[in-house]
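*Asks:*
Protein chains in written order, with our numbering: chain A, 1 to 113; chain B, 114 to 228.
#1: Is residue 197 of chain B helix, strand or coil by DSSP?
#2: Run through the region 129-164 of chain B for me and flag every whole beta strand (DSSP E) of 3 or more residues, listed as ranges in chain order.
#3: At least one CB of chain B closer than 8 Å to the CB of residue 48 of chain A: is that the case?
#4: The beta strand (DSSP E) with residue 37 of chain A in it runs from where to where?
#5: When you compare only the Cα positions, how much space is there between residue 51 of chain A and residue 95 of chain A?
#6: Comparing C-alpha positions only, which one of A:33, A:105, A:24 sits nearest to residue 97 of chain A?
#7: At a Cβ threshold of 8 Å, is residue 98 of chain A touching chain B?
#8: Is it a yes or a no for the region 8-18 of chain A touching the region 44-61 of chain A, going by three-plus beta-carbon pairs under 8 Å?
#9: Can you name, in chain order, every residue of its own chain whose Cβ lies under 7 Å from the Cβ of residue 145 of chain B, other than the five neighbours on each side?
#10: Beta-carbon of residue 101 of chain A versus every beta-carbon of chain B: anything under 8 Å?
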């Protein structure tokens, strides 16, 4: 169990640019989640996958956000045409399934200038 | 929609003392799971304890225990013999498989441990 891995740890980008983050879950975990967290707040759900299927997506997620998990293993989260309001910590988590706790990665901190 | 409320934005405790963090939640489900997570300044979210709603027995993990009151929809965390390393933001979280499998978090309680 090497834990959930996220890359990069930090990303600074200019407004209007596209960014992509990667998440590698714990190998035997079939669920993968993306959350966003701003300072002093609890994580906010973005989307989740069961294997390669994206089963739920937050209504708060704009069309500029897209996530994939092509082979049911790693996942990518892309933000197009970034805005300053996208600045946050993006957390990835994985779990074994029903009722299992989520295991979180260290997150990717995005700063949009 | 399910909501989780942590009414204590900040709490403090003396080292070696006991502290209780409060959490309430709102749901119409009968089968669900509750969690406490800890997030130290390093920012990685760490699982502290898990409770299954259909189990009446309160979960315990070493110095951490919960008081689960299903009828009152209350799920408090007790930390005994507090240590300096317990200082962190603590989040209460709710998961139901029957209404989406997302984990819903409260606003968090910042715990300070004083030496």
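C-beta atoms are modelled at their ideal positions from N, C-alpha and C, and glycine is treated no differently.
*Replies:* Taking the geometry as given:
#1: Stepping through the second chain from its first residue, residue 197 of chain B is reached at position 84. Correct three-state label for residue 197 of chain B: helix.
#2: 132-134, 137-139, 146-152
#3: On the first chain, position 48 is the one that residue 48 of chain A refers to. Yes, contact with chain B.
#4: As a working note, residue 37 of chain A is residue 37 in the first chain. Taken as a continuous stretch (DSSP letters only), the beta strand (DSSP E) holding residue 37 of chain A covers 31-37.
#5: As a first step, residue 51 of chain A is located in the first chain; it is residue number 51 there, counting from the start. As a first step, residue 95 of chain A is located in the first chain; it is residue number 95 there, counting from the start. Whole-angstrom Cα-Cα distance: 11 Å.
#6: The count along the first chain starts at 1 and reaches residue 97 of chain A at position 97. Minimum Cα distance to residue 97 of chain A is reached at A:33.
#7: Start at 1 with the first residue of the first chain, and residue 98 of chain A comes out as number 98. Yes, contact with chain B.
#8: no
#9: As a first step, residue 145 of chain B must be located in the second chain, where it is residue number 32. Counting only Cβ-Cβ distances below 7 Å, and skipping sequence neighbours, we find 166, 207, 208, 209.
#10: Mapped onto the first chain, residue 101 of chain A falls at position 101. Chain B, which has a Cβ nearer than 8 Å to the Cβ of residue 101 of chain A, makes this yes.
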